[in-house]
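Trainee: This is the structure I want to talk about, given as structure tokens.
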Amino acid sequence: MKKQVVLLPGDGIGKEVMESAKLVLNTVATEYGHRFAFHEHAIGGDAIDRYGNPLPDDTLKACQQAEAVLLGSVGGKKWDNLPANKRPEKGLLGIRKQLGLFANLRPIKSFPALEHVSPLKQEVISGSDILIIRELTGGLYFGQPSERRENGQAAVDTLYYQRYEIERIVDKAFQSARKRRKHLTSVDKANVLESSRLWREVVEEKRQQYPDVTVDHLLVDAAAMKLVTSPDQFDVMVTENLFGDILSDEASVLTGSLGMLPSASVRSDGVGLYEPVHGSAPDIAGRGMANPIGMILSAAMMLRHSFNMEEEAAEIESAVNDTLNEGYHTADLNREGGKLVGTAEMTEAVIENITTKSVSDSICSS
Ligand code: NAD
Ligand code: IPM
Ligand code: MN
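Going by the numbering used here, the first residue of the sequence shown is number 521, and it counts up by one from there.
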């Protein structure tokens, strides 16, 4: 049976890196005997231009029926002056909310071949392996009242969390920590914010159910500092929506570039939307130079989380690692020497490593 996957390329480099994900998934399909049916739909600025709506009904319906959704990125200067509810970003927030994807998993792992590329010292980042779990359907992004202007003289956004929203994301974080190094850092601003004090209370209650997991609380300002001075002290970090947005872009420097980071936005039953952490990168869009690795690794997360294809996901990840070890890099990685390539060549090199490995596996086993 074909796996039904909805593709939402979106805007800017989202369209470019989505091509890479498709090629990689088609290679996996051939190598492992799977079949994927891709259904492409509009979102963001692209959907505004074509249908006058950043999240057309047809797109939403297709996502609700799909087994998994892959998303590129949305946004761009062209749509920056539209009213708030007509902006491309509303399409992305809408799809996350409508699908109930409350947990955004953002793994950040330094690749040995890129440790000298990061602006941080190699000895600081070496061996870092963090999972940021960002609450995705609550907090400042969705609190009521929101986006309210008072005669142009004041504006309000509301930071609001209900206990059940905190409980489910904290549970997800404990469960993830159990599968990793059993260390959870909850990040908040409990010295100032009431919603953070409720957050901390819930974490303290929940930890009774997970006695095997060590728990720390950290204020978000200190967390931002520690992420770049001693990232190896973190295993799983859990935090509210906006803090998670900011901390994950910051943490991307551990890998050398924002273009490296994948993410999975999931709910309890495993349905997921997979998207790189980066945006539409208007400064480089249309030039074939975007780093496709965040998108390719998001496709690997889709195979693991939505289709239970652990081996295939691991194969993509190891092909990416091999490709970086061979010296391939896109311009954002700011790497000296090696092979400076564009999106298409980087994708080709990753595919080559997927193919080569399974050919050599079959030669070895015959
Ligand atoms: P951005 O993530 O698009 O870009 C930030 C910087 O990182 C830019 O210099 C860009 O060139 C670089 N970069 C990002 N991804 C890269 C990649 N794959 N390869 C090489 N370089 C890469 O953030 P921004 O410039 O602040 O936002 C641009 C637009 O994207 C805005 O409209 C914003 O709302 C939107 N955005 C969308 C998403 C999403 O769809 N998930 C995420 C973030 C920002
Ligand atoms: C992200 C982006 C989005 C967010 C924007 C584009 C709405 O920055 O996915 O990290 O803030 O969630
Ligand atoms: Mn972001």
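A virtual CB, placed ideally from N, CA and C, is assigned to each residue, including glycine.
Residue ranges of each alpha helix (DSSP H) run of no fewer than 4 residues wholly in the region 797-844, ordered along the chain?
Mentor: Listed in chain order, they are 813-827.
Trainee: Give every residue of the same chain whose Cβ lies closer than 6 Å to the Cβ of Cys884, excluding the five residues on either side of it in the sequence, and list them in chain order.
Mentor: Per-residue confidence for Cys884 stands at a pLDDT of 49, beneath the threshold of 50, marking its modelled position as unreliable; no derived number is given.
Trainee: Per DSSP, which one or two residues make a beta bridge with Met745?
Mentor: According to DSSP, Met745 bridges with nothing at all.
Trainee: So Gly592 and Gly534 are in contact, right, with Cβ under 8 Å, and what is the actual spacing, rounded?
Mentor: At roughly 2 Å, the Cβ-Cβ gap stays under 8 Å, so Gly592 and Gly534 are in contact.
Trainee: Under a criterion of Cβ closer than 5 Å to any non-hydrogen atom of the ligand IPM, which residues qualify, in chain order?
Mentor: Residues flagged by the Cβ proximity filter: Glu609, Asp765.
Trainee: Name the DSSP bridge partner or partners of Val758?
Mentor: Partner(s): Ile653, Ser706.
Trainee: With a threshold of 16 other CB atoms inside 10 Å of the CB of Met815, please say whether the residue is buried or exposed.
Mentor: Looking at its Cβ environment, which holds 16 or more other Cβ atoms inside 10 Å, Met815 is buried.
Trainee: Please determine whether the Cβ atom of Gly776 lies at a distance below 6 Å from any heavy atom of the ligand NAD.
Mentor: Gly776 Cβ: outside cutoff for every heavy atom of the ligand NAD.
Trainee: In chain order, what residues of the same chain lie with their CB nearer than 7 Å to the CB of Asp566, ignoring the 5 residues before and after it?
Mentor: Result list for Asp566: Gly530, Asp531, in chain order.
Trainee: Is Asn546 helix, strand or coil by DSSP?
Mentor: Here Asn546 sits in helix by DSSP.
Trainee: What residue range is occupied by the uninterrupted alpha helix (DSSP H) comprising Tyr680?
Mentor: That residue, Tyr680, is in no alpha helix (DSSP H); it is neither H nor E in DSSP.
Trainee: Please state if the CB of Glu724 and the CB of Gly659 are separated by a distance shorter than 7 Å.
Mentor: No. Outside cutoff.
Trainee: For Glu868, which of helix, strand or coil comes out of DSSP?
Mentor: In the structure shown, Glu868 sits in a helix (DSSP, three-state: H, G or I).
Trainee: Kindly indicate which three-state DSSP category Ser916 falls into: helix, strand or coil?
Mentor: Nothing can be reported for residue 916, as the shown portion of the chain is limited to 521 through 886.
Trainee: Helix, strand or coil: how does DSSP classify Lys692 here?
Mentor: DSSP places Lys692 in helix when its eight states are reduced to three.
Trainee: Keeping to the same chain, check which residues put their C-beta closer than 7 Å to that of Asn573; ignore five residues upstream and five downstream.
Mentor: Result list for Asn573: Ala567, in chain order.
Trainee: Thr678 to Glu832, Cα distance in whole Å?
Mentor: The straight-line gap from Cα to Cα measures roughly 42 Å.
Trainee: Considering only their Cβ atoms, is the gap separating Ser800 from Leu793 smaller than 7 Å?
Mentor: Going by C-beta atoms, Leu793 is not nearer than 7 Å to Ser800.
Trainee: Tell me whether Asn811, by its Cβ, gets closer than 6 Å to a heavy atom of the ligand NAD.
Mentor: Asn811: yes, Cβ under 6 Å from the ligand NAD.
Trainee: When DSSP builds the beta bridges, which residues end up paired with Thr734?
Mentor: Answer is His703, bridged to Thr734.
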